[in-house]
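A short write-up of the structure that comes next.
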Amino acid sequence: MPPHRPEIFVSATSQDLHTCRQLIKEALLTLGCMPVEQANFPPDARTVREMLRVKITACDAVVHVAGEVYGAEPSARDPGEPRRSYTQLEYELATELGKPVYVFICGTGFPYDEHPPEDAERQALQQQHRARLQKSDHIYTPVGSRDELALRVHALQTRVETLSGELNRTRSWLGRGLAIGLVALTLLGGGIWWLNQRANQTDLKVTKLETEFEKQRRYIKSVADAFTEQQSELRQLKLTDDEIFNRAVANVATKEKIPEATLRSGIDLFVAAIRADPKADFYDRALAEFAQKNFAAAAESAGQAGNAARDQYLAADKLVAQVAARADEARTQAREAYSLQGQSLYAEQKFGEAVTAFEDALDAALRAKVPRKWAELQVRLGMALNDWAAVVTGSAITEHRAKAVAAYRAALEVYTRQTLPRDWAWTQNNLGAALHYQATASEGTESARLLAEAVAAYRAALEVYTREALPRDWAWTQTNLGAALHDQADASAGTESARLLAEAVAAYRAALEVYTRQALPRDWAWTQNNLGAALHDQAPKANGSERAGLLREAVAAYRDALEVRTREALPQDWAETQNNLAIALHDQAAASAGTESARLLAEAVAAYRAALEVYTRQALPQDWAETQNNLANALRDQAAKANGSERAGLLREAVATKRAALEILTAEVDPEWHRQQLEWIAAVEAELNKL
13 MPPHRPEIFV SATSQDLHTC RQLIKEALLT LGCMPVEQAN FPPDARTVRE MLRVKITACD
73 AVVHVAGEVY GAEPSARDPG EPRRSYTQLE YELATELGKP VYVFICGTGF PYDEHPPEDA
133 ERQALQQQHR ARLQKSDHIY TPVGSRDELA LRVHALQTRV ETLSGELNRT RSWLGRGLAI
193 GLVALTLLGG GIWWLNQRAN QTDLKVTKLE TEFEKQRRYI KSVADAFTEQ QSELRQLKLT
253 DDEIFNRAVA NVATKEKIPE ATLRSGIDLF VAAIRADPKA DFYDRALAEF AQKNFAAAAE
313 SAGQAGNAAR DQYLAADKLV AQVAARADEA RTQAREAYSL QGQSLYAEQK FGEAVTAFED
373 ALDAALRAKV PRKWAELQVR LGMALNDWAA VVTGSAITEH RAKAVAAYRA ALEVYTRQTL
433 PRDWAWTQNN LGAALHYQAT ASEGTESARL LAEAVAAYRA ALEVYTREAL PRDWAWTQTN
493 LGAALHDQAD ASAGTESARL LAEAVAAYRA ALEVYTRQAL PRDWAWTQNN LGAALHDQAP
553 KANGSERAGL LREAVAAYRD ALEVRTREAL PQDWAETQNN LAIALHDQAA ASAGTESARL
613 LAEAVAAYRA ALEVYTRQAL PQDWAETQNN LANALRDQAA KANGSERAGL LREAVATKRA
673 ALEILTAEVD PEWHRQQLEW IAAVEAELNK L
């Protein structure tokens, strides 16, 4: 059976977003999708709603863009039905049908197509719709330009690939025949019977089923734990929820020493049984929703379970002498429920709410009674605080980082090298990351102190994370150690800086013993990029042939990274590595002569220009300006090797490029640097005047 191409419904008003609709359709086609849209509508809202329902039901997902125009609307609608435009109806129906909806909201200054202004009432109705989108639980993406919108649609590639795979698997399953369906129905019936009987039967067979049920509950909780751990560690690799979830399932199957297929079958039975049981409690519902990656629903159910359990343990505390056992049981349930709520919110990237949930779980966890659980929650809290710090501004960043470090240090009071080595190493690695982040936001001796502590934490983790016993954890910690050593080298000078850079390079090379191109391509490419940066920084500290060799190795590492960091798959990573490659090539050219130098300069210029295909002024202004500045310097160096009109053309382009960069890199950012760039422009213009 041929692969199914996902059909994506494009929902956007044509008056102000006609050009954007075309961009979206082209982007979807490049992702292997079939764009669908509705151009003509009958006048009656009831007819429109049914027509759109049929159209959207047949689609696999919806892209909805909210601009400034309300647009056309039905001329008639049912009494009491709110006034909605055709485009707004499309969004509401997609949500009602449970379709994946990718929402984009155009920001201030968005370059809309020219269109006649609407009356004040229609403008107000559209603003209300935009406000509803932003206040709903549905994730939306703000966009400031057409280029950014197209880039964000291209970034849906991983989700589309996942959707396409699910659709093809569904078609495959449907074709397997009636026999398998009957077997599945029999299993489901058994699951329903199991739930109906588990509370009041004493038969040995039922007791065994209850034991199996508890085992599946524990397995799903273990998958949730592994998912949360890997989500924090693998965030830089931009893996999808499905990819992280599959790794988590494989991790638990290995730990439990059972086949992965057996684990998945058991989880599927648990989910089917819970869905078939109207009396299933909120905690079991939350586990079932988490197993289906419905994180928002899992958070809701877990929160309700936690609320109910908290009421129980607070009441029990008032009657400690009489119901101490009941209080302990309620605390355990509340701790687990809030912990699962925190993990679900963390998976939804609602880090502030996750922090609250983990703090609620810690309120229910008494260190004296459950020290290991208490320490585990401290680590979860530290992870949520650390990621929360990455999305806030101002003093909150420092505050959240400091609390994360404190949480990890608290966990290490329980997780010791001797008693719980794996947990101790995991926490040391997380502590190293939090200290490293703190250091980058600090200056002077404080930054140096924090970096030294981060390096010490990573080295401590490597006492347990060995190459032989835990190769993946070892490689991940080696890359973290390399990054911290690199930053230490940047803050040092002379032989100390050279020593630290050499250690960073060694750490990256060690990681690449495990991160291979075949087995772990994204980890490999990320580490190759970091290795290239460390080798590049080593080069100025060397002389002659050694320096040239280091630059060649840096260029080779960047080129290796670009085998995986492609424009199509990872556009921003691709642009970052192109910029890094261009800088290394530029330095190679400066250390060379004659035609070799000219060749390397040409390659550097080409790499800068490639990076600017993604680093646009509208989408990524800071990266765009810095790359424009680098390009201007390379163009001037090219001009020095040219003559006549070619030289004049390169110099003029260098001046124009530098001026463009200074529109973003203003004097307010760095007055002295800005003054030097103005002198640079004056000197180049003087060269032009002499030609």
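Residues are numbered in the working numbering as their position in the sequence shown, beginning at 1, plus a constant of 12. Heads up, the beta-carbon is just placed ideally off N, CA and C, and yes, glycines get one too. All values reported here derive from a predicted model rather than from experimental measurement.
Point to revise | Nearest neighbour of Phe122, chosen from Thr405, Thr31, Lys67 and His166 [CA to CA] | key: Thr31
**Study point:** Whole-angstrom distance between Arg343 and Ser234, CA atom to CA atom
**Key:** 20 Å
Check your understanding: Just the Cα atoms here: how many angstroms apart are Leu662 and Ala602?
Key -> 17 Å
Practice item. Could you say which of Arg229, Asp131, Val264 and Phe21 lies nearest to Thr240 if we only look at CA atoms? Key: Val264
Review point. Counting pairs of beta carbons, one from the region 369 to 385 and one from the region 398 to 407, are three or more of them closer than 8 Å?
Key: no
Practice item. Could you spell out where the alpha helix (DSSP H) holding Thr452 opens and where it closes? Key: Pro433 to Thr452
Practice item. Could you name the residues of the same chain whose beta carbon sits closer than 6 Å to that of Glu565, not counting the 5 residues immediately before and after it, in chain order? Key: Leu547
Point to revise | Reference Asn592; option with closest CA among Asp296, Arg577, Tyr350 and Arg671 | key: Arg577
Point to revise | Phe122 in three-state terms, based on DSSP | key: coil
Check your understanding: So, are the CB atoms of Thr309 and Ile286 less than 8 Å apart?
Key -> It is worth fixing the name first, because residue 309 is Ala in this sequence and not Thr. Result no, Cβ atoms of Ala309 and Ile286 do not sit closer than 8 Å.
Practice item. Just mark Thr452 as buried or exposed, buried being the case when its beta carbon has 16 or more other beta carbons within 10 Å. Key: exposed
Check your understanding: Which residues share a DSSP beta bridge with Val155?
Key -> Cys118
Review point. Hey, Ala369 and Gln345: beta-carbon distance below 8 Å or not?
Key: no
Point to revise | For Ser454 and Asp340, the rounded distance between their alpha carbons | key: 43 Å
Review point. From Ala660 to Thr491, what does the alpha carbon distance come to, in whole angstroms?
Key: 45 Å
Check your understanding: Can the beta-carbon of Ala646 be found less than 8 Å from the beta-carbon of His598?
Key -> yes
Check your understanding: Quick one, which of Ala501, Ala495, Ala523 and Glu608 has its alpha-carbon nearest Ala487's?
Key -> Ala523
Practice item. State the DSSP-derived secondary structure class of Ser313, mapped to helix, strand or coil. Key: helix
Review point. Taking C-beta to C-beta, are Thr489 and Ala464 nearer than 8 Å?
Key: no
**Study point:** Cα-Cα separation, Asn541 to Ala469
**Key:** 23 Å
Review point. Which residue or residues does DSSP assign as beta-bridge partners of Val48?
Key: Phe21
Review point. Count the other CB atoms within 10 Å of the CB of Gln634; is the residue buried (16 or more) or exposed (fewer)?
Key: exposed
**Study point:** Neighbourhood of Val617 by C-beta, 6 Å cutoff - its chain only, sequence neighbours within 5 removed
**Key:** Ala646
**Study point:** Simplified DSSP state of Pro531, which is helix, strand or coil
**Key:** Reading the sequence as shown, one finds Ala at residue 531 and not Pro. DSSP places Ala531 in coil when its eight states are reduced to three.
Practice item. Could you tell me which residues DSSP puts in a beta bridge with Ala614? Key: BP columns for Ala614 are empty, so no partner.
**Study point:** Boundaries of the alpha helix (DSSP H) in which Val517 is found, first to last residue
**Key:** Gly506 to Ala523
Check your understanding: Within this structure, are the beta carbons of Ala376 and Arg347 separated by less than 8 Å?
Key -> yes
**Study point:** Three-way DSSP call (helix, strand, coil) for Val332 in this model
**Key:** A caution first: Val332 carries a pLDDT of 49, below 50, which makes its placement in the model unreliable, though a value can still be read off. Val332 falls in the helix class under three-state DSSP.
Review point. Hey, out of Asp323, Phe302 and Arg322, whose CA is closest to Ser313's CA?
Key: Phe302
Review point. Comparing alpha-carbon positions, which option in Asn655, Ala460 and Ala673 lies nearest Glu699?
Key: Asn655
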